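Presented below is the structure to which this report refers.
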Amino acid sequence: MGPVTHEAGTLEPDAVRSMFDRIAPAYDAMNRVMTVGLDQRWRRLAVEFVVQPGDRVLDACCGTGDLALEAERQGGQVIGLDFSERMLERARSKSQTVEWLQGDLLALPFEDGSFDAATVGFGVRNVADLELGLRELRRVLRPGGRLAILEITQPRGRLKPFFGLWFDRVVPVLGKVIPGGRAYAYLPASVRRFPGAEDLAVKLERAGFAAVRFKLLAGTIVALHTGTAS
Ligand SMILES: C[S@@+](CC[C@H](N)C(=O)[O-])C[C@H]1O[C@@H](n2cnc3c(N)ncnc32)[C@H](O)[C@@H]1O
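Read the sequence shown against the working numbering and you will find it ends at 233, with the numbers running on by one and no gaps.
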């Protein structure tokens with residue numbers, strides 16, 4: 004394993020948790036600014052792929068809760084789980100019908116096969132053991148249960164230079180003016196060391212998901228992976 008620093012895009016779990024605790028007050032606003040308001044559309048799309056009315060849904064790494072809220076709007080009975088208490092505080096203020104739980108994706112506090120669907124938005128890039136996280140998601144889904152993962156991915160094609168500029172120059176500067184700003188040095192670095200979309204699809208298959216597909220959004224900077232627990 005390489006260096007464990009914000010700039011290397013790799014941090015110990017406690018450091019990830021305290022980073023999100025610190026940026027919680029600014030998190031939603033930063034999302035809207037950094038994605039020019041597109042982030043909510045990606046969450047809606049992810050949920051439309053995997054959640055059906057009446058489904059029991061786990062939104063892991065729920066943060067301030069926006070993906071869990073979309074899953075509820077789609078008719079799911081939703082549990083949102085995150086290990087950052089400050090992020091969960093924000094989520095709790097948005098809904099009293101979603102069940103918000105503090106917990107770790109790497110040791111999910113649920114029986115095998117408890118959920119019809121699971122979602123993770125911009126969370127799996129931060130976990131210390133990606134393969135274990137994917138196996139945990141598989142374990143808590145019933146056979147045939149559906150998973151959607153939204154994650155920032157390394158851009159490709161003609162838009163790559165534009166995103167390089169946005170991500171490596173503009174985002175870290177934005178990060179300097181908000182609390183916990185080092186998170187925005189961690190963000191592009193963590194995208195760079197995270198598996199590309201094809202590799203993440205292979206990892207999902209190895210973790211026990213079938214019919215794995217991915218769709219690149221926002222000019223290839225965001226990947227939406229879906230799969231079915233086999
Ligand atoms: C970038 S935020 C994403 C929040 C939300 N899903 C969204 O769509 O905006 C990542 C979240 O993952 C959480 N997280 C990271 N590793 C975790 C783990 N091992 N277990 C639970 N939550 C984790 C962080 O606390 C943080 O709230």
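Backbone N, C-alpha and C define an ideal beta-carbon position, used for all residues, glycine too. Source: prediction; values computed, not measured.
Secondary structure of residue i, DSSP reduced to three states
i, result
"glutamate 15", "coil"
"glycine 126", "coil"
"aspartate 69", "helix"
"glutamate 154", "strand"
"threonine 231", "strand"
"alanine 29", "helix"
"valine 7", "coil"
"aspartate 24", "helix"
"serine 1", "Only positions 4 to 233 of the chain appear in this structure, which leaves residue 1 out of reach."
"leucine 135", "helix"
"valine 176", "helix"
Residue range of the unbroken beta strand (DSSP E) whose run includes residue i
i, result
"tryptophan 167", "Checking the sequence shown, residue 167 turns out to be glycine, not tryptophan. Glycine 167 -> not in any beta strand (DSSP E); alpha helix (DSSP H) instead, spanning 163-168."
"alanine 49", "Careful: alanine 49 lies outside any beta strand (DSSP E), inside the alpha helix (DSSP H) at 42-53."
First and last residue of the uninterrupted alpha helix (DSSP H) at residue i
i, result
"aspartate 202", "200-209"
"alanine 192", "186-196"
"arginine 299", "No answer is possible for residue 299: the residues shown for the chain start at 4 and end at 233."
"valine 39", "Where valine 39 is concerned, there is no enclosing alpha helix (DSSP H), given that its DSSP letter is neither H nor E."
Bridge partners - residue i, DSSP secondary structure assignment
i, result
"leucine 84", "Ala63, Leu104"
"phenylalanine 212", "Ala232"
"arginine 149", "Ala120, Thr231"
"valine 225", "Ile155, Leu220"
"leucine 144", "Phe118"
Proximity of residue i and residue j at Cβ, strictly below 8 Å
i, j, result
"aspartate 31", "threonine 67", "yes"
"aspartate 115", "arginine 149", "no"
"glutamate 134", "valine 101", "no"
"serine 193", "arginine 128", "yes"
"threonine 229", "alanine 200", "no"
"glutamine 105", "aspartate 69", "no"
"glycine 78", "glutamine 55", "yes"
"aspartate 132", "leucine 153", "no"
"valine 60", "threonine 122", "yes"
"valine 81", "aspartate 107", "no"
CB-CB length for residue i against residue j, believed under 8 Å
i, j, result
"leucine 137", "alanine 232", "Going by Cβ atoms, the distance from leucine 137 to alanine 232 rounds to 11 Å, so no, they are not a contact pair."
"leucine 72", "serine 96", "About 12 Å separates the two Cβ atoms, so there is no contact after all."
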